Amino acid sequence: MLERASALAGALEPASRAGAGGAMGLRLGENPHFSLVQIAGFASTFAGLQGEIASLLGGPVPQLARTPEKTAAGLVFRTGHAQLWVIGPERSDLSAKARAAIPAGKGVVTDLSSARTRLFVEGEAAASTLAKGIPLDLDPGAFPVGTAAMTGVHHVPILLHRPGERRFDIYVMRTFALFAFEWLADAALEFGYRIETEAAA
Amino acid sequence: MSGFRTPTGGRIDRTRPIAFSFDGRPVIGYRGDTLASALVAAGVTLTGRSFKYHRPRGIVTAGPEEPAALVTLGEGARREPNLPATTVELVDGLVAESQNRWPSLGLDLMAVNQLAAPVLAAGFYYKTFMGPGEKAWMGYEPFIRRAAGLGRAGREPDPDRYEGRHAFADIAVVGSGPAGLAAALAAGRSGARVLLIEQDFEAGGSLLAEPEGGVEAAWRARVLGEIASLPNVTLALRTTAFGLYDHMTLGLVERRDHERADPASGRARQVVVTLRAKAVVLATGAIERPLVFNNNDRPGVMLASAARTYLNRFGAAVGRRAVIVTNNDSAYRTAFDLADAGVAVAVADLRRGLDEFVRARALAKNVELLSGIAVVEAAGRGGVKQAVLAEYRGEGETPAFLLERREADTILVSGGWTPAVHLASHLGGRPHYREDIAAFVPGRLPAGIVAAGAAIGTFGLVSAIAEGEAAGRLAAGAADARVPSGSVPRPEVDAAETGDLRIEPAWHIRAPKKGKAFVDLQNDVTTSDVALAYREGYRSVEHLKRYTTLGMGTDQGKTSNVNALALMAGHRSVAVAEAGTTTFRPPFTPVAIGALAGRGIGRHFRPVRRSPLHDWHVRNGGEFIEAGPWLRAWYYHWAGATPADAYVREMEVVRRGVGIADVSTLGKIEVAGPDAAELLERVYVNGFRKLPVGKARYGVMLGDDGIVLDDGTTTRLSETSFFMTTTTAMAGEVMSWLEFLIETAWTDLDVHLTSLTDEWAGMAVAGPRSRDVLARALPGFDLSGEALGFMGAVDGHHEGVPVRVLRLSFSGELAYEVYCPADYGIALFEHILKAGEPEGIRPYGLEALASLRIEKGHVAGLELDHRNTLGDLGLARMASKAKPFVGRPLAGRPAHAGKDRWSLVGLESLEPGAPVRGGSILFAASDTIRGHGRGYITSVTWSTELNRTIALGLYEGGLAHEGEEIIAAFPLKDEQVRLRIVSPHFIDREGKRLNA
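Here the protein sequences come in this chain order: A and B.
This note's numbering applies: residue 535 is where the first sequence begins, and numbers increase by one.
This note's numbering applies: residue 770 is where the second sequence begins, and numbers increase by one.
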């Protein structure tokens, strides 16, 4: 049996480190339990495909990169003008269903579950930690819960999502994952942190 | 100067003494002191020696404009030079050292430079040392640098932590003086997010120099209290706004030396903040200007306003007998406050006809008024002993005789005020000159940026507050917020205190006898140097700066620039406005390089990419090598302890048995859609439209310029879907290039690109036994020669995991590339290794991979040097004549068809045992070995097949010289070796192994 292993499976050990004044304000690490299916259309077809995609996903197609939509199939990000990313459960038959639903002449379905690593940072200082590298205003007024952004952190392109006021998920290219995580842990140092690999929900 | 601590007063905390050392001597200050104020209070006059002449220098200012009192702080790795003592917050255990003296501050032997002063004038270095030529300069430079210069940094790595941070605000207010506080309070009342930025460790700016218990201090306390009650306003102390950039972006540096943070705790010592605001208020205040007269650099000559700050803020009187020399009204505040503190004060006012209000107050406070009188010289070798007085007859006039030598330990000067226009000028707005205040004020400011208070030449307290409030209101408007009326209280000041300077400009106070009158204390530039620059033709203020070094250094001429350019204007007989200012560039005050680098150091220096198989290599004796951002498996310990031993054995395994290598770093792109084939047809020089499903093809693409961009194989998976591979190095560029084409040039194509580089792990299984191994490892795949011939492709599953097998060969052997989703990469790699045990399969690394391809004559990144044409690489026949493709028009230009172009050749060593090095320069046998030669070696390896060193290279004329003997020179090691030009296909030219 071929076993699945995330990018950080061999690199992250549960550990904790106290920050300035003994602070222990953050949890950070990886949550590998997801699938990522990219559904793309073409400039000439995407508008016409949205109805089919909405019924495939069981929810609305997001119109802006900033505002992902929650659907039955998972959390859907608009990652291009004719491109969606669906973050679904680890075991998902969405790619097969989507390939069946979307004819090759109208769109392309690509499984990218291995291509991204999902890091997270959670705690009071989560936004302050990310502010050390992400050039976005993460004030809750400017970047409310549920917001997403395609941005970068310390030279690495990422998809950033805020599932909760004190939590951010970072989808980073797999081959950059450890580099990005090392940056994150370093940025979190003054706040103190515990490293975890989160279990499946 | 004989400064002392006043018995009471000041904002220092007299219950919290702080012990520190200056030049090894223990000194006591108080919490709330700066290093400078503590030194003033301790009676320390001499704080350093000057840059060029080693003249004694003392404290001149009380702020970041300090030109003279530069010190080195800390010891060992934390040693930090050239910090103005006036901005150093006193902390326990601080260790400060004076600079540029040897062996000690009191006895400085380098002061002998003063005797050589006549030859050390402006342009000295250029004339004396650079004149004889570059070589001479190289010889002199180390000696000059030892004799002149400021402090020295430590040589060990700085142990402290520095960081960068992004911050956002609706409104940024720079400066917390009267205008800044008013702006921040007004803007804060609108509910907008306000960041109030103050470089000092206390807020208040000029208000901190006001006496305790006064209306000014009361106003400051009240407004700060109101600001503190607003949760939307943040006060950032110890934070300097060092630059203003486009789109309301400010560069800030936050200093935390008072925290004495331990770097291991993750707390940074300094943070460079990139602040993005919607509107900016510049309330940066003004800097007092010195007066220029003989020996005006003596310790004990200080700005009048600085003396007031030391007195009222720090409870430190600068001396016991002070002569104040001024050309404007502002210095009287210092005179009166010092007199109140018991200092004997005389004011030499250059102006005549002083108004009655001033006269009456001076009389009341027992301050002696000398109207129309100037200090023409500061007398006393190590510090001020006397102020030499003479009648002042106007700019450029020399008095015929001296009036008096007045005993004094302190000479306080005020030549007017220079608004801090730096930030306001960073975006390119040129400051303009206002005659009424004899100063430059900001030029036009971009929308959303407002300036207020002394920064724009408004010196009256009430007017500055009113301007600040208006600026806060404007800024709030620019940030879409509204300020309620009556937001900022007004102080009840005397109506006579208008802040008018009533200034009579004075740029150089002349004396009957010769002497050195300093314009720029930091760079030892005198009035004579400015005159010399003028005589020698350096008349623009920018040339003046470069020629004399005036306005350079850590203070960037904050106290000297205006005097200097006014003097130059005088020489040129033009108005000061016409002479103009030099360009203001960030940073406003120095920012440590370490702070700018932040955490981009060590392992965070640049991104590192790791293959999905990385952990396997780590666990199994792989050694890594950096290849661009990638860490790649270089060789494995099973094959040898050094790369030189290991790669040869790894090559052997591939040539004789079977090996497996990680090729996950190859760029992989899904090209899909009804027009996918059309896109490939356009970007590759060879045809792809007719490529059958299940087949791969080698392709080359050119840039617009007709130069080879990249190569790789592309496989057709279905009518509408292709799997493209690129070189590791060019993966990102090719992806961007193709996206650019379909998003801009060919928007009509229905095609979508997805990078699969991170999705798919790739492994090459190569060698004569590779089919046997894979057939066992992947029983569901038919890998027979009939089913999967050379360049064939098949998709399938193994244990439910998608697997793609391509029959491609980089080594020239029977070989396959196997791909699967990266999450399963290690599992599949291990599975194939296990399946290959009977065949003795072994992993091989990048070194062997590269060597195998050299033997086969495959070009790679080293040969594709972004200068070669298809022809240069022996690929000209690949280009289709039947279709257009990107790069085709320029590929045909004459320069690309020359016969002497550097083209791909194979090279064989003719000297067994002699090293052949990559990068060696190639020469014909008859050439003189000099210059750039006729080409160079791109790749070199030991060939296990041929038992000799072989190489690939680019050589003028290429294979037209096949069979010739040439020379490879490696000048760095003074080596030469004879080589023969041969075909780059060293092995299996018929492709028997490949097609096995």
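Built from N, CA and C at the ideal position, the CB exists for glycine as well.
Please read all numbers here as calculations on a predicted model, not as lab measurements.
Inset, instruction - Pick helix, strand or coil for B/Met1532, following the three-state DSSP scheme. - result: Taking the second sequence and counting its residues from 1, the one referred to as residue 1532 of chain B is at position 763. Three-state DSSP puts B/Met1532 in a strand.
Legend entry - Range of the contiguous beta strand (DSSP E) that encloses B/His1195: In the second sequence, counting from the first residue as 1, residue 1195 of chain B sits at position 426. Where B/His1195 is concerned, there is no enclosing beta strand (DSSP E), although the alpha helix (DSSP H) it sits in stretches over His1191 to His1195.
Inset, instruction - Helix, strand or coil for B/Lys1314, going by three-state DSSP, please let me know. - result: Residue 1314 of chain B sits at position 545 when you count from the first residue of the second sequence. DSSP places B/Lys1314 in helix when its eight states are reduced to three.
Legend entry - Complete alpha helix (DSSP H) runs within the region 774-851 of chain B (minimum length 4 residues, chain order): 804-810
Inset, instruction - From the DSSP output, in three-state form, read off B/Met770 for me. - result: Residue numbering aside, residue 770 of chain B sits at position 1 when the second sequence is read from its first letter. Per-residue confidence for B/Met770 stands at a pLDDT of 48, beneath the threshold of 50, marking its modelled position as unreliable; the derived number appears in the next sentence. Coil, per DSSP.
Legend entry - Own chain partners of B/Leu1281 with C-beta closer than 8 angstroms, once the 5 adjacent residues on each side are dropped: Residue numbering aside, residue 1281 of chain B sits at position 512 when the second sequence is read from its first letter. The sequence shown places Pro at residue 1281 of chain B, rather than the Leu named in the question. Close CB contacts of B/Pro1281 within its chain, under the 8 angstroms cut and outside five residues either way in sequence, are with Val1145, Ala1159, Thr1167, Pro1168, Ala1169, Phe1170 and Leu1171 (chain order).
Legend entry - A/Ile573 classed as buried or exposed, judged by whether at least 16 other C-beta atoms fall within 10 angstroms: The count along the first sequence starts at 1 and reaches residue 573 of chain A at position 39. Answer is buried; the Cβ neighbour count reaches 16.
Inset, instruction - Report yes or no: is there a C-beta of chain A within less than 8 angstroms of the C-beta of B/Tyr931? - result: Translated into positions along the second sequence, residue 931 of chain B becomes position 162. For B/Tyr931, the answer is no, since every Cβ of chain A falls outside 8 angstroms of its Cβ.
Inset, instruction - In angstroms with no decimal places, state the Cα-to-Cα distance between A/Val642 and B/Leu1525. - result: Here residue 642 of chain A is taken as the residue at index 108 of the first sequence, counted from 1. Here residue 1525 of chain B is taken as the residue at index 756 of the second sequence, counted from 1. For A/Val642 and B/Leu1525, the distance between alpha carbons rounds to 14 angstroms.
Inset, instruction - Using a threshold of 8 angstroms, state whether the C-beta atoms of B/Leu1181 and B/Ala1100 are closer than that. - result: Within the second sequence, residue 1181 of chain B is the residue found at index 412, counting from 1. Within the second sequence, residue 1100 of chain B is the residue found at index 331, counting from 1. In this structure, B/Ala1100 lies closer than 8 angstroms to B/Leu1181 by Cβ.
Legend entry - Integer Cβ distance of B/Ile1093 from B/Val1114, believed to fall under 8 angstroms: The residue you call residue 1093 of chain B lines up with position 324 of the second sequence. The residue you call residue 1114 of chain B lines up with position 345 of the second sequence. So it is a contact: roughly 6 angstroms between Cβ atoms.
Inset, instruction - For B/Ala1596, go through chain A and note every residue whose CB falls closer than 9 angstroms to its CB, in chain order. - result: The residue given as residue 1596 of chain B occupies position 827 in the second sequence. Using a Cβ-Cβ cut-off of 9 angstroms, B/Ala1596 is close to Met535, Leu536, Glu537, Arg538 and Ala539 of chain A, given in chain order.
Legend entry - Touching by the beta-carbon criterion (3+ pairs, under 8 angstroms), the region 930-942 of chain B and the region 978-988 of chain B: They do not touch, by the three-pair rule.
Legend entry - Endpoints, alpha helix (DSSP H) assigned at B/Met1504: Within the second sequence, residue 1504 of chain B is the residue found at index 735, counting from 1. Unbroken alpha helix (DSSP H) run through B/Met1504: Ala1500 to Phe1509.
Legend entry - Beta-carbon proximity check, B/His1521 vs B/Phe1353, cutoff 8 angstroms: Indexing the second sequence from 1 puts residue 1521 of chain B at position 752. Indexing the second sequence from 1 puts residue 1353 of chain B at position 584. No.
Inset, instruction - Give, in chain order, every residue of the region 1371-1390 of chain B whose Cβ lies closer than 9 angstroms to some Cβ of chain A. - result: Arg1372, His1373, Arg1375, Pro1376, Val1377, Arg1378, Arg1379, Ser1380, Pro1381, His1383, Asp1384, Trp1385, Val1387 and Arg1388
Inset, instruction - Please name the residue in B/Leu1691, B/Leu1679, B/Asn1637 and B/Gly1675 whose C-alpha comes closest to that of B/Gly1667. - result: Taking the first residue of the second sequence as 1, we reach residue 1667 of chain B at position 898. The candidate whose alpha carbon is nearest that of B/Gly1667 is B/Asn1637.
Inset, instruction - Say whether chain A places a C-beta atom closer than 8 angstroms to the C-beta of B/Tyr1593. - result: Here residue 1593 of chain B refers to the residue found at position 824 when the second sequence is read from its first residue. Output row for B/Tyr1593: interface = yes.
Legend entry - chain A contact for B/Glu1568 (CB, 8 angstroms cutoff): Indexing the second sequence from 1 puts residue 1568 of chain B at position 799. Judged by the 8 angstroms Cβ criterion, B/Glu1568 is in contact with chain A.
Inset, instruction - With 8 angstroms as the threshold, decide whether the Cβ of B/Phe937 is near any Cβ in chain A. - result: Numbered from 1 along the second sequence, position 168 holds the residue referred to as residue 937 of chain B. So, interface residue.
Legend entry - Span separating the alpha-carbon of B/Lys1761 from that of B/Asn1455: On the second sequence, position 992 is the one that residue 1761 of chain B refers to. On the second sequence, position 686 is the one that residue 1455 of chain B refers to. So the two alpha carbons sit approximately 24 angstroms from each other.
Legend entry - Secondary structure, alpha helix (DSSP H): runs of 4+ residues fully inside the region 541-614 of chain A: DSSP runs (the alpha helix (DSSP H)) wholly in the region 541-614 of chain A: 580-591.
Legend entry - chain A contact for B/Glu1395 (CB, 8 angstroms cutoff): For this step, residue 1395 of chain B is matched to residue 626 along the second sequence. It does not: the Cβ of B/Glu1395 has no partner Cβ on chain A nearer than 8 angstroms.
Inset, instruction - Evaluate the contact criterion for the region 1026-1045 of chain B versus the region 1258-1265 of chain B: three or more CB pairs, one atom per stretch, below 8 angstroms. - result: no
Legend entry - Local Cβ density within 10 Å of A/Met535, reported as buried at 16 or more and exposed below that: Position 1 of the first sequence holds residue 535 of chain A. Result: exposed.
Inset, instruction - Would you mind listing the beta strand (DSSP E) stretches within the region 1419-1462 of chain B that are 3+ residues and don't spill past its ends, in chain order? - result: 1428-1431 and 1436-1441
Legend entry - Strand pairing of B/Gly973, partner residues [DSSP]: In the second sequence, counting from the first residue as 1, residue 973 of chain B sits at position 204. Paired residues: none, contrary to the question.
Inset, instruction - Using a Cβ cut-off of 8 angstroms (strictly closer), state whether A/Thr644 contacts chain B. - result: Indexing the first sequence from 1 puts residue 644 of chain A at position 110. With 8 angstroms as the cut-off, A/Thr644 counts as an interface residue toward chain B.
Inset, instruction - Just the chain B side, please: which residues come within less than 9 angstroms of A/Pro669 by C-beta, in chain order? - result: By one-based count along the first sequence, residue 669 of chain A stands at place 135. Chain B residues near A/Pro669: His935, Thr1043 and Arg1045.
Inset, instruction - Report yes if the C-beta distance between B/Glu1616 and B/Pro1398 is below 8 angstroms; otherwise report no. - result: Walking along the second sequence from the start, residue 1616 of chain B turns up at place 847. Walking along the second sequence from the start, residue 1398 of chain B turns up at place 629. For B/Glu1616 and B/Pro1398, no; Cβs fall outside 8 angstroms.
Inset, instruction - Say whether chain A places a C-beta atom closer than 8 angstroms to the C-beta of B/Ser959. - result: Residue mapping note: residue 959 of chain B aligns to position 190 of the second sequence, counting from 1. Cβ-Cβ to chain A under 8 angstroms: no for B/Ser959.
Inset, instruction - Please check if any C-beta of chain B sits within less than 8 angstroms of the C-beta of A/Arg728. - result: Taking the first sequence and counting its residues from 1, the one referred to as residue 728 of chain A is at position 194. Answer no: the Cβ-Cβ gap between A/Arg728 and chain B never drops below 8 angstroms.
Inset, instruction - Kindly confirm or deny that the region 1408-1424 of chain B and the region 1459-1473 of chain B touch, where touching means at least three C-beta pairs closer than 8 angstroms. - result: no
Legend entry - Buried/exposed call for B/Ser959, threshold 16 Cβ in 10 Å: Locating residue 959 of chain B in the second sequence gives position 190, counting from the first residue. Per the 10 Å Cβ criterion, buried.
Legend entry - Whether B/Leu874 touches B/Ser867 by CB criterion (8 angstroms): In the second sequence, the residue the question calls residue 874 of chain B occupies position 105. In the second sequence, the residue the question calls residue 867 of chain B occupies position 98. Going by C-beta atoms, B/Leu874 is nearer than 8 angstroms to B/Ser867.
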